[in-house]
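Asker: If you read the sequences in order, they're chains A and B. In terms of my numbering, the first sequence opens at residue 1 and continues consecutively. In terms of my numbering, the second sequence opens at residue 1001 and continues consecutively. Backbone N, C-alpha and C define an ideal beta-carbon position, used for all residues, glycine too. Below is the structure I would like to discuss, written out as structure tokens.
There are 2 protein chains.
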Amino acid sequence: MSLDNAILGWLSTGPGSGYDLVRQMDLGLNWFWGAAHSQIYPRLKELEARGLISSEQITVGTKLEKRVYTITDAGREAVRKWTSEPPTYPPNRDNERLRLIFGDHGDLKAMRRHFETHLDHYERRRESLQEFVDVLTSRQHPRIEQRIAAAMSEALKEITLAAREMAYRGDLRRAEFEIEWAKECLAWLDDFERRHDLGETSGTDELPASVSATGT
Amino acid sequence: MSLDNAILGWLSTGPGSGYDLVRQMDLGLNWFWGAAHSQIYPRLKELEARGLISSEQITVGTKLEKRVYTITDAGREAVRKWTSEPPTYPPNRDNERLRLIFGDHGDLKAMRRHFETHLDHYERRRESLQEFVDVLTSRQHPRIEQRIAAAMSEALKEITLAAREMAYRGDLRRAEFEIEWAKECLAWLDDFERRHDLGETSGTDELPASVSATGT
DNA sequence: CCGACCATGTAATATGTTACATGATTGT
DNA sequence: ACAATCATGTAACATATTACATGGTCGG
């Protein structure tokens, strides 16, 4: 399971609790894998049962129990094995594109909303990635710095940093690309509306007559 | 379910069998949703039970039975409703990036294989998308042309074509971007190996001494 | 007559989401 | 004391993958 590998990979950069992982995955948009806590806790148990991680119970305050997991040598070996296999590419599942290509009924308001949502989504993502990349580049990311400090050679230190720069900067540019695309689509829409004199129609759906091919 | 919407959307461009859908989804890389036949057939039954599609049994040759589905008005309405909602963005699940950031153990061969796999994957995808876009732009795609022909107004015809141009050309550029990224990563690797005099080491894993932080 | 492809299904398993459930800590 | 957040779990349901299963058609 890739979720297992995401967990192991993250624990390979330092110990952490299930809750830490949850936060990485749902709050940190900067992360390449997402999962709900209901999926994470059971996996941690199983990884421990398989000997890939070990845990230690910690009590916060008087009663709050917290379990901190640490990767084992077997776990480290599993990460190494998994990362040395080439990436796999699951089938595309893009509800955004699907909605776009089948939403060609002439509802211009919906199309506009579509592109604006896309733009907004990737602008947020860009911002959040930009912040992460800034932290990374200014060498302020604690877990990554730890990993660099632990590296045995200059070459390994460089690889550790470079791998992340490539990954996160690549994603940043992906986000920038999506923003650009959404803006171009919006520009097309603007032009379309101008050409079809739909500048200030407002109120009802645009193209009211032409839409009724099937009945609305 | 988005799979249902993908099926409905596709059937909204003309009737087709389950097998036709299977081919769209696994052979045609040009498609924005992927699903196995084992998932498609049961969904078709359910969509029919819900009255969103209807089917007709056709016999090919003497015995081979084939079921051709046609979207109903209720189905068309469902597509319209679904496409007018803004897109949603599921959590990222990118095993490629995950492998990259946690695969920083100094196995340069694995890193190279990683980038080459990425490059290869997106070059194939680009090619296949390019073909599709060419067919689209030269107005040779039968289903899309049918849909354009059925559109009630010039404005709707334009939207039908433009939505697909935006979607597919956008994906084409995505693929081109990934190719560019992979090439840059490979260039970094080349440079890294040059700087660390690992030009012609061959045989064993690169960086043999420095890797042994944990064992191996 | 044989291989490639057409055509459709079920079952078991794996993975992911949403809802339900509980209680502690920390800062204000 | 109250809210936000820490912290961990289970159950039900939805979705997706892999394996198992069967048989027909068509062209060479």
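Out of B:Met1111, B:Gln1146, B:Trp1188 and B:Thr1137, which one is the CA nearest neighbour of B:Met1166?
Answerer: B:Thr1137
Asker: Please confirm if the stretch 92 to 111 of chain A is in contact with the stretch 1081 to 1094 of chain B, defined as three or more CB-CB distances below 8 Å between the two stretches.
Answerer: yes
Asker: Nearest CA to the CA of B:Glu1123: which residue from B:Arg1173, B:Ala1074 and B:Leu1108?
Answerer: B:Arg1173
Asker: Kindly indicate which three-state DSSP category B:Lys1066 falls into: helix, strand or coil?
Answerer: strand
Asker: Locate the beta strand (DSSP E) running through B:Ser1012, then write down its first and last residues.
Answerer: Note, B:Ser1012: premise wrong, no beta strand (DSSP E); not H, not E.
Asker: Report yes if the C-beta of A:Leu3 is less than 7 Å from at least one heavy atom of the ligand HEM; otherwise report no.
Answerer: Among the components modelled here there is no ligand, and therefore nothing to report on the ligand HEM.
Asker: Apart from the five residues on each side of it in sequence, which residues of its chain come closer than 7 Å, Cβ to Cβ, to B:Val1133?
Answerer: Tyr1168, Arg1169 and Leu1172
Asker: Pull out every residue of the stretch 1086 to 1105 of chain B whose Cβ sits closer than 7 Å to any Cβ of chain A, in chain order.
Answerer: In summary, the residues of the stretch 1086 to 1105 of chain B whose CB is separated from some CB of chain A by less than 7 Å are Pro1086, Pro1087, Thr1088, Tyr1089, Pro1091, Asn1092, Arg1093, Asp1094, Asn1095, Glu1096, Arg1097, Leu1098, Arg1099, Leu1100, Ile1101, Phe1102, Gly1103, Asp1104 and His1105, in the order they occur in the chain.
Asker: Kindly say whether A:Asp20, judged by its beta-carbon, lies nearer than 8 Å to any beta-carbon of chain B.
Answerer: no
Asker: Spatial neighbours of B:Ile1058 within its chain, please: CB distance less than 6 Å, with the 5 preceding and 5 following residues excluded, ordered by chain position.
Answerer: Lys1066 and Val1068
Asker: Around the C-beta of B:Ala1182, are 16 or more other C-beta atoms found within 10 angstroms, so that it is buried, or is it exposed?
Answerer: B:Ala1182 comes out buried.
Asker: Output yes if chain A places a C-beta closer than 8 Å to the C-beta of B:Phe1217; else output no.
Answerer: This structure gives no information on residue 1217 of chain B, because the portion of chain B shown stretches from 1001 to 1216.
Asker: Residues of chain B with CB closer than 8 Å to the CB of A:Gly34, please, in chain order.
Answerer: Pro1090, Pro1091, Asn1092 and Arg1093
Asker: Can you grab the Cα-Cα spacing for the pair B:Ala1155 / A:His118, in whole Å?
Answerer: 24 Å
Asker: Using a Cβ-Cβ cutoff of 8 Å, what residues of the stretch 70 to 82 of chain A are near chain B? List them in chain order.
Answerer: For chain B, the residues of the stretch 70 to 82 of chain A that bring a beta carbon within less than 8 Å of one of its beta carbons are Asp73, Arg76, Glu77, Val79, Arg80 and Trp82, in chain order.
Asker: Name, in chain order, the residues that DSSP records as bridge partners for B:Gln1057.
Answerer: Answer is B:Arg1067, bridged to B:Gln1057.
Asker: Among the residues of its own chain, which have a CB less than 6 Å from the CB of B:Glu1056, if the five just before and after it don't count?
Answerer: Excluding sequence neighbours, B:Glu1056 sits near Val1068.
Asker: How is the alpha helix (DSSP H) around B:Phe1032 delimited, first residue to last?
Answerer: Note, B:Phe1032: premise wrong, no alpha helix (DSSP H); not H, not E.
Asker: So for B:Arg1139, helix, strand or coil by DSSP?
Answerer: coil
Asker: Using three-state DSSP, classify B:Arg1050 as helix, strand or coil.
Answerer: coil
Asker: For B:Gly1016 versus B:Trp1010, is the C-beta spacing smaller than 8 Å?
Answerer: yes
Asker: Beta-carbon within less than 8 Å of A:Leu186's beta-carbon, same chain only, minus the 5 sequence neighbours each way: which residues are those?
Answerer: Arg112, Phe115, Glu116 and Leu119
Asker: Between B:Thr1214 and chain A, is any beta-carbon pair separated by less than 8 Å?
Answerer: Per-residue confidence for B:Thr1214 stands at a pLDDT of 44, beneath the threshold of 50, marking its modelled position as unreliable; the derived number appears in the next sentence. Answer yes: the Cβ-Cβ gap between B:Thr1214 and chain A drops below 8 Å somewhere.
Asker: Give a yes or no on whether 8 Å exceeds the smallest Cβ distance from B:Met1001 to chain A.
Answerer: no
Asker: Start and end of the alpha helix (DSSP H) containing B:Asn1092?
Answerer: Where B:Asn1092 is concerned, there is no enclosing alpha helix (DSSP H), given that its DSSP letter is neither H nor E.
Asker: Do B:Leu1044 and B:Gly1075 have their beta-carbon atoms positioned less than 8 Å apart in this structure?
Answerer: no
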